[in-house]
Amino acid sequence: MIDFVWLIPLFPLIGVFINGLLGKKLGDKFVGVFGSLMVGLSFATAVSILFSLLGLPAEAREIKKIIYTWIVSGGFQVNISFLVDPLSTVMMLVVTGVGFLIHVYSIGYMHGDRGYDRFFTYLNLFTFSMLLLVLGDNFLLMFVGWEGVGLCSYLLIGFWYEVDYNAYAGRKAFVVNRIGDYGFTLAMFLIFLVFGSLNFDAVFHQASAGTGAWAITAITLLLFVGATGKSAQIPLYVWLPDAMAGPTPVSALIHAATMVTAGIYMVARCNVLFRLSSVSMAVVAIIGAATAIYAASIALTNRDIKRVLAYSTISQLGYMFLALGVGAFAAGIFHLMTHAFFKALLFLAAGSVMHALSNETDMMKMGGLRKHLPATFWTMLMGTLAIAGIPLFSGFFSKDEILWQAFISPHGHFLLWLIGALAAGMTAFYMFRLIFLTFFGESRMEPEVEKHVHESPKVMTVPLTILAILSVIGGYIGLPAVFGGSKFEHFLDPVLGEHGAQAASHAAEAAHGTEAHAAEAVHHGSAGLELTFMALSVIIALVGILIAYMMYLKNPDIPKRLSQKLRGLYKLSYNKYYVDEIYNATVVSPIKNTSDFFLWRFFDVLIIDGIVNGVAALMQKISRGMRKVQSGFVQNYAFFMLLGVVIIIGYFVFR
123 MIDFVWLIPL
133 FPLIGVFING
143 LLGKKLGDKF
153 VGVFGSLMVG
163 LSFATAVSIL
173 FSLLGLPAEA
183 REIKKIIYTW
193 IVSGGFQVNI
203 SFLVDPLSTV
213 MMLVVTGVGF
223 LIHVYSIGYM
233 HGDRGYDRFF
243 TYLNLFTFSM
253 LLLVLGDNFL
263 LMFVGWEGVG
273 LCSYLLIGFW
283 YEVDYNAYAG
293 RKAFVVNRIG
303 DYGFTLAMFL
313 IFLVFGSLNF
323 DAVFHQASAG
333 TGAWAITAIT
343 LLLFVGATGK
353 SAQIPLYVWL
363 PDAMAGPTPV
373 SALIHAATMV
383 TAGIYMVARC
393 NVLFRLSSVS
403 MAVVAIIGAA
413 TAIYAASIAL
423 TNRDIKRVLA
433 YSTISQLGYM
443 FLALGVGAFA
453 AGIFHLMTHA
463 FFKALLFLAA
473 GSVMHALSNE
483 TDMMKMGGLR
493 KHLPATFWTM
503 LMGTLAIAGI
513 PLFSGFFSKD
523 EILWQAFISP
533 HGHFLLWLIG
543 ALAAGMTAFY
553 MFRLIFLTFF
563 GESRMEPEVE
573 KHVHESPKVM
583 TVPLTILAIL
593 SVIGGYIGLP
603 AVFGGSKFEH
613 FLDPVLGEHG
623 AQAASHAAEA
633 AHGTEAHAAE
643 AVHHGSAGLE
653 LTFMALSVII
663 ALVGILIAYM
673 MYLKNPDIPK
683 RLSQKLRGLY
693 KLSYNKYYVD
703 EIYNATVVSP
713 IKNTSDFFLW
723 RFFDVLIIDG
733 IVNGVAALMQ
743 KISRGMRKVQ
753 SGFVQNYAFF
763 MLLGVVIIIG
773 YFVFR
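And the structure:
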């Protein structure tokens, strides 16, 4: 089946053309089912490829499928070529599997929308672009998918463009991502300059051999600039909260399976380059840790159910970058996978709440919904327990692995662990704050809204149930070494092992060396320490939940009193640290004013238009003088002709 990897992006692309060109004629029912079916077929193909890959020896799990030669210029060549290896396979499964459930959910959520066919066309295009990004075997093809997901995010965030704010949010996402993409573009130019190729294998092989050592830090930092844009890290995170303007399934797709995971994947794919620069690794880890706790602090006070989840995503992405920065690349991808399960679930459950409350998003206007929306409540609770890092849920295993690696790794540090642990406690607090405000306590809904509260249809609750199950069991393939070792990590070893791509030759021994790893950990005394840190992180999460319970269920007056006592801190968090206002004052307004007054009114109007209009005015004056010669009277023309003849004859006579 590996030879048929090209079918995986092809199926959603077929959905784009069929629904995009014929959707209006075929009707909404066909559009929704067909669009979902195409992604479902991609998922089925990805599963079959996974089993084919597992049937190969670990060192042979890297297969390229060249579709056709794209660009040839001298010795430079770039193909439309797909790379099947453990990393791309994991990403394929996440994109198509979670994406399929989101497509199915959208059938019910978007029912009756007049842009229904357009929505599924964009959703299929989004999936196709992300698959192109993760399957490409070179930087240029990855960049095509990279730009494709950027375009689709713009189209889907501003999907309801009739509302000015929605159009503004889409434009903001597009512009901020262009800043990151500029870094990616510069990195590609530098990669070609240094290595003479854009193919992953050629670049990574030369880099491992010592070629271009002087430029590795510049290349990786520029690549990371691109990652901060796509994956919403400091300082380019500001587009993601405003992306909530799009339909809720879009939020789920962006936050769980596409777009924001692109930066994580790209850094993991380039792990060979990043390992060669301690500076870049440190930058990735520090930015990740800072973003994790910073975004969590904003989520503490936000009242919008979708924006709380948005800042949660920014924070969780920070965790992933923290893992990548300390060299735990497999742990970062593991958290990407589990996060896809519970974050898709949380967003779709929030959409189910909005569906019941006529699109209300203010949690202060909810309350007591668990008796009205039992399926939504229980599934959302599963996702919340997972993201909070409660034992036996998927998020516990992936989050704890990141915290442990942040402490024990040679690239790690106690401060990185401490920041991650505090962010974990804050995550547990604000997520259970969301649960308590939404589903518990007295109803704060408008009477007219409360009359019509109802559970979502099966087409929406079934995907919620499946994602809830995955949020519970999805972490068991990545058990810590102290519990026997991570099959997930060993699967990724050929790509993300200690020596990156060079680990392929040793992956076979690692794959069946689980017991040896565990024994070695015990021998060095780290098993007990890991269990201690694991218990500590659980205690921190439970404390966060307990504080949320005391503040929002036991004594609801505490938040009001606390916000008064800590008014300054509360206002900072509630107003998102005024970063948007600072950006507007220091970046947006100066650029806008410069463009308005200097580039337009002065340079364009006075200089450019002045030159063009001045030439035109000069020609007009000359033509006005010249046209007097053209009187229109025949006798005048005859006179001048006669005069000319006389002058010519006189010239020859008197010469």
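With my numbering applied, the sequence shown corresponds to residues 123 to 777, in that order.
All residues carry an ideal CB built from backbone N, CA and C; glycine is no exception.
May I ask you to list the residues that DSSP assigns as paired with residue i?
{"i": "residue 199", "result": "194"}
{"i": "residue 484", "result": "426"}
{"i": "residue 321", "result": "260"}
Please report the Cβ distance between residue i and residue j, rounded to the nearest whole angstrom; I am assuming they are in contact, meaning their Cβ atoms lie under 8 angstroms.
{"i": "residue 193", "j": "residue 203", "result": "That belief does not hold up - the Cβ atoms of residue 193 and residue 203 are roughly 12 angstroms apart, past 8 angstroms."}
{"i": "residue 499", "j": "residue 508", "result": "That belief does not hold up - the Cβ atoms of residue 499 and residue 508 are roughly 15 angstroms apart, past 8 angstroms."}
{"i": "residue 338", "j": "residue 329", "result": "6 angstroms"}
{"i": "residue 672", "j": "residue 662", "result": "Going by Cβ atoms, the distance from residue 672 to residue 662 rounds to 16 angstroms, so no, they are not a contact pair."}
{"i": "residue 792", "j": "residue 225", "result": "Past the boundaries of the shown model lies residue 792; the chain is included only from 123 to 777, so the question cannot be answered."}
{"i": "residue 388", "j": "residue 489", "result": "Residue 388 to residue 489, Cβ: 42 angstroms. No contact."}
{"i": "residue 486", "j": "residue 560", "result": "At roughly 10 angstroms, the Cβ-Cβ gap does not stay under 8 angstroms, so residue 486 and residue 560 are not in contact."}
{"i": "residue 696", "j": "residue 307", "result": "That belief does not hold up - the Cβ atoms of residue 696 and residue 307 are roughly 37 angstroms apart, past 8 angstroms."}
{"i": "residue 563", "j": "residue 678", "result": "7 angstroms"}
{"i": "residue 272", "j": "residue 303", "result": "7 angstroms"}
Between which residues of its own chain and residue i is the CB-CB distance below 7 angstroms, once the five residues before and five after are set aside?
{"i": "residue 569", "result": "none"}
{"i": "residue 473", "result": "231, 370 and 371"}
{"i": "residue 527", "result": "445, 448, 450, 453 and 534"}
{"i": "residue 644", "result": "Unreliable positioning characterises residue 644 in this predicted model, as indicated by a pLDDT of 40, which lies under 50. The coordinate reading is nonetheless provided below. Excluding residues within five positions, none has a Cβ falling inside 7 angstroms."}
{"i": "residue 274", "result": "244, 247, 248 and 251"}
{"i": "residue 160", "result": "133, 134, 136, 137 and 246"}
{"i": "residue 157", "result": "137, 141, 225, 242, 245 and 246"}
{"i": "residue 655", "result": "525, 526 and 529"}
{"i": "residue 512", "result": "518 and 663"}
{"i": "residue 301", "result": "351 and 358"}
If we call anything under 9 angstroms between Cβ atoms a contact, is residue i one with residue j?
{"i": "residue 618", "j": "residue 609", "result": "no"}
{"i": "residue 448", "j": "residue 538", "result": "yes"}
{"i": "residue 593", "j": "residue 467", "result": "yes"}
{"i": "residue 510", "j": "residue 550", "result": "yes"}
{"i": "residue 253", "j": "residue 164", "result": "yes"}
{"i": "residue 506", "j": "residue 554", "result": "yes"}
{"i": "residue 464", "j": "residue 517", "result": "yes"}
{"i": "residue 366", "j": "residue 426", "result": "yes"}
{"i": "residue 149", "j": "residue 242", "result": "no"}
{"i": "residue 344", "j": "residue 351", "result": "no"}
{"i": "residue 191", "j": "residue 201", "result": "yes"}
{"i": "residue 309", "j": "residue 266", "result": "no"}
{"i": "residue 582", "j": "residue 477", "result": "yes"}
{"i": "residue 205", "j": "residue 286", "result": "no"}
{"i": "residue 652", "j": "residue 456", "result": "no"}
{"i": "residue 208", "j": "residue 614", "result": "yes"}
{"i": "residue 491", "j": "residue 430", "result": "no"}
{"i": "residue 674", "j": "residue 685", "result": "no"}
{"i": "residue 320", "j": "residue 415", "result": "no"}
{"i": "residue 314", "j": "residue 391", "result": "no"}
{"i": "residue 373", "j": "residue 469", "result": "yes"}
Between residue i and the rest of its own chain, which residues show a CB-CB distance below 8 angstroms, the 5 nearest in sequence each way excluded?
{"i": "residue 125", "result": "187"}
{"i": "residue 355", "result": "349, 385, 409, 410, 413, 436, 439, 440 and 443"}
{"i": "residue 634", "result": "At residue 634, the pLDDT of 41 sits below 50, so the modelled position is not reliable; the number obtained from the coordinates is stated separately. Counting only Cβ-Cβ distances below 8 angstroms, and skipping sequence neighbours, we find nothing."}
{"i": "residue 584", "result": "226"}
Between which residues of its own chain and residue i is the CB-CB distance below 6 angstroms, once the five residues before and five after are set aside?
{"i": "residue 361", "result": "294, 295 and 298"}
{"i": "residue 342", "result": "395, 396, 399 and 402"}
{"i": "residue 433", "result": "417, 420 and 421"}
{"i": "residue 774", "result": "none"}
{"i": "residue 479", "result": "571"}
{"i": "residue 383", "result": "458"}
{"i": "residue 462", "result": "216, 220, 378 and 379"}
{"i": "residue 280", "result": "288, 289 and 292"}
{"i": "residue 277", "result": "244"}
{"i": "residue 199", "result": "none"}
{"i": "residue 228", "result": "371"}
What do you reckon, is the C-beta of residue i under 8 angstroms from a heavy atom of the ligand ATP?
{"i": "residue 556", "result": "For the structure depicted, the ligand ATP is absent and the ligand set is empty, with no information on it obtainable."}
* Which parts of the segment 553 to 615 are runs of the alpha helix (DSSP H), unbroken and 4 residues or longer, counting only runs that do not cross its ends? -> 569 to 573 and 580 to 595
* To do: Counting only runs of 4+ residues fully inside the segment 172 to 258, write out the alpha helix (DSSP H) ranges in chain order.
  => 208 to 231 and 238 to 257
* Asked: At what residue ranges does the segment 641 to 727 contain a whole run of the alpha helix (DSSP H), taking only runs of 4 or more?
  -> 648 to 671, 680 to 687, 689 to 696, 701 to 705 and 711 to 715
* To do: Report the residue ranges of all alpha helix (DSSP H) runs contained in full by the segment 427 to 463; include only those spanning at least 4 residues, in chain order.
  => 427 to 447
* Mind pulling the alpha helix (DSSP H) runs of 4 or more residues that sit fully within the segment 262 to 340? -> 286 to 317 and 322 to 330
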